[in-house]
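For reference, the structure is listed below as structure tokens.
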Amino acid sequence: MRDLILLALLPYLIYASFKRPYIGLALWFWSSLVPVSVWGYGSATTVKWNFLFAIVTMCSYLISKNKASFKSSGLFILVIVFFIHATFSSLFNIGYDAHVWREWEYLLKSCVFLFFVVLIVRKKVHVDALMWACALSISARATMEGIKYLLSGGGHVIYGITPTFNDNNLSALATLMCLPMLFYLFTQYKQFIVFKLGILGLIFFSVLFVLGSDSRGGFLGLLVLSGYFFLKSNKKIPIAILALVVIAVGLQIVDDAWFERMETIKSANEDGSFIGRVISWKLAIILAVQNPVFGGGFDAASYGPTWNHLVSNFQMVSFIPTPEPQTIHVAHSIYFQVLGDLGFVGFFFYLTLLFFTYRRFDQIKRLTHADKWRIEIGRFMMLSILAFATAGAALSAAYNEVFIMLVGLSIVLWIPAKVNTSSPTMKNARLAKGWSQ
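Remember, our numbering sits 29 above the position in the sequence shown when you count from 1.
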């Protein structure tokens, strides 16, 4: 039945994408976060939805008569420099060559998407469409799993919700990054009772999903996100009430094993899982020291021959006490992942990209003359970056699509924001061209 619905909707979605490039962009993003094969089972899964929406969006933009002028920025140039550096890193990789180039292709597709975000996104409705794409993909999947977790009294085991975020830890990270987007949508659509209740439901079950994922990184990210959001919020009482409801429900369904797992955060140096992470971080450091400019290439430290070489030099970082490595693990940190993949130079580019994306949203939030929705998006997207930077410290998802989309948004929203603060005349001229709804 779902296949029939999806296939019946396809012609309309294609038509809408041709008429409105931003709809195609949102569908492109939506289908990359959660492939349509997750929603269907039969004939609908044979359609290459993501590729189709990408091509339609590109064609729609090219034939559009009302193209906004492209304005570059330092952050956009930094993205290009980062991608060029990653390309050279892939050329000189010491990992599994086929895997390295698959990851490079994934990064290329993400950068192409970012390019079209910069080209297409101008109005509030464009931004909202991308927020809804996250809500109706990652948050919707997390809500489905959160409902199962609640109905099973905490017995439902949560795994990955998408091919990109394919385990409980990565899924918790993605859900955390989407939570501020849900709060943004709530502020924009709370006058509609259906949207208001629906978004509150997505928020509630997304938080339950993070708790039920048993992810310690996700739990720490949730604490940081909640604390920061509460301190910065102007409506602390409603936020506190919502938090108390979630805590009350959560305490009723999580089991003793969950508390025991979270307790290991206090004694991380005695926890085997954490020690395994530290070992992976040490190997990433060795890889970067030996290849400081370009690193080893994507996931090179997980490639058998490279891993054996790194282990043979394990005493290079003996100042960090750990047992000898026994098995191959991923980096378990966006920071050490990039450090090993792209070396110290690539790591510097990545940190700069992360910092200035956060800073751009912070600057947008502080603009007194900007449109209210633009200030709100700056405020909440700051939280998404904060969630990524904190929970991602113990998880490997450095190049994920949600982060790439946020980088693109920070570029396009900051360009008109700069104009808005320069003079009223320039602001009105920009508004007339359709920068704001």
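We put the CB at the ideal spot given by N, CA and C, even for glycine.
Using the Cβ count rule (16 or more neighbours within 10 Å means buried), how would you classify residue i?
i           : result
residue 286 : exposed
residue 315 : buried
residue 403 : buried
residue 364 : buried
residue 245 : buried
residue 30  : exposed
residue 413 : buried
residue 122 : buried
residue 281 : exposed
residue 129 : buried
residue 120 : exposed
residue 145 : buried
residue 75  : exposed
residue 192 : exposed
residue 256 : exposed
residue 50  : buried
residue 38  : exposed
residue 127 : exposed
residue 252 : exposed
residue 313 : buried
residue 394 : buried
residue 459 : For residue 459, the predicted model reports a pLDDT of 45, less than 50, meaning its position is unreliable; a value from the coordinates is still stated below. It is buried - the Cβ of residue 459 has at least 16 other Cβ atoms within 10 Å.
By DSSP, does residue i sit in helix, in strand, or in coil?
i           : result
residue 426 : coil
residue 157 : helix
residue 151 : coil
residue 146 : helix
residue 360 : coil
residue 177 : helix
residue 405 : helix
residue 185 : coil
residue 229 : helix
residue 391 : helix
residue 352 : coil
residue 396 : coil
residue 193 : coil
residue 94  : coil
residue 100 : coil
residue 25  : Coverage of the chain is limited to positions 30 through 466, which leaves residue 25 absent and any answer about it impossible.
Ends of the alpha helix (DSSP H) at residue i?
i           : result
residue 68  : Careful: residue 68 lies outside any alpha helix (DSSP H) and carries neither H nor E.
residue 32  : 31-48
residue 125 : No alpha helix (DSSP H) contains residue 125, which DSSP labels as neither H nor E.
residue 248 : 245-261
residue 209 : 197-218
residue 280 : 265-282
residue 75  : First-last for residue 75: undefined, no H or E at that position.
residue 340 : 333-341
Between residue i and chain B, is any beta-carbon pair separated by less than 8 Å?
i           : result
residue 365 : Given the protein chain composition of this structure (a single chain), no chain B is represented.
Specify whether the segment 158-176 and the segment 228-244 touch according to this definition: at least 3 beta carbon pairs, one from each stretch, less than 8 Å apart. Verdict: yes, contact present.
May I ask you to verify whether the segment 353-366 touches the segment 330-339, counting CB pairs closer than 8 Å and requiring at least 3? Counting Cβ pairs under 8 Å, three or more are found: they touch.
Any contact between the segment 181-198 and the segment 212-224? By contact I mean 3 or more CB pairs, one from each, below 8 Å. Output reads no: the segment 212-224 does not touch the segment 181-198.
Check whether the segment 103-117 and the segment 55-75 are in contact - that is, three or more C-beta pairs closer than 8 Å. Too few Cβ pairs lie closer than 8 Å, so no.
Touching by the beta-carbon criterion (3+ pairs, under 8 Å), the segment 122-136 and the segment 146-160: The answer is no - the segment 146-160 does not touch the segment 122-136, with fewer than three Cβ pairs under 8 Å.
Between the segment 429-445 and the segment 255-270, are three or more C-beta pairs nearer than 8 Å? Between the segment 429-445 and the segment 255-270 there are fewer than three inter-stretch CB-CB distances shorter than 8 Å, so the stretches are not counted as touching.
Specify whether the segment 341-348 and the segment 72-92 touch according to this definition: at least 3 beta carbon pairs, one from each stretch, less than 8 Å apart. In short, these stretches do not touch, since the Cβ pair count stays below three.
Check whether the segment 381-399 touches the segment 104-111, taking contact to mean three or more Cβ pairs, one atom from each stretch, closer than 8 Å. For the pair of segments examined, the segment 381-399 was found to touch the segment 104-111: the number of CB pairs separated by less than 8 Å reaches three.
Counting pairs of beta carbons, one from the segment 92-102 and one from the segment 300-309, are three or more of them closer than 8 Å? Touching, no.
Examine the Cβ distances between the segment 267-275 and the segment 191-205 and report whether three or more of them are shorter than 8 Å. With the cut-off at 8 Å, the segment 267-275 and the segment 191-205 do not touch.
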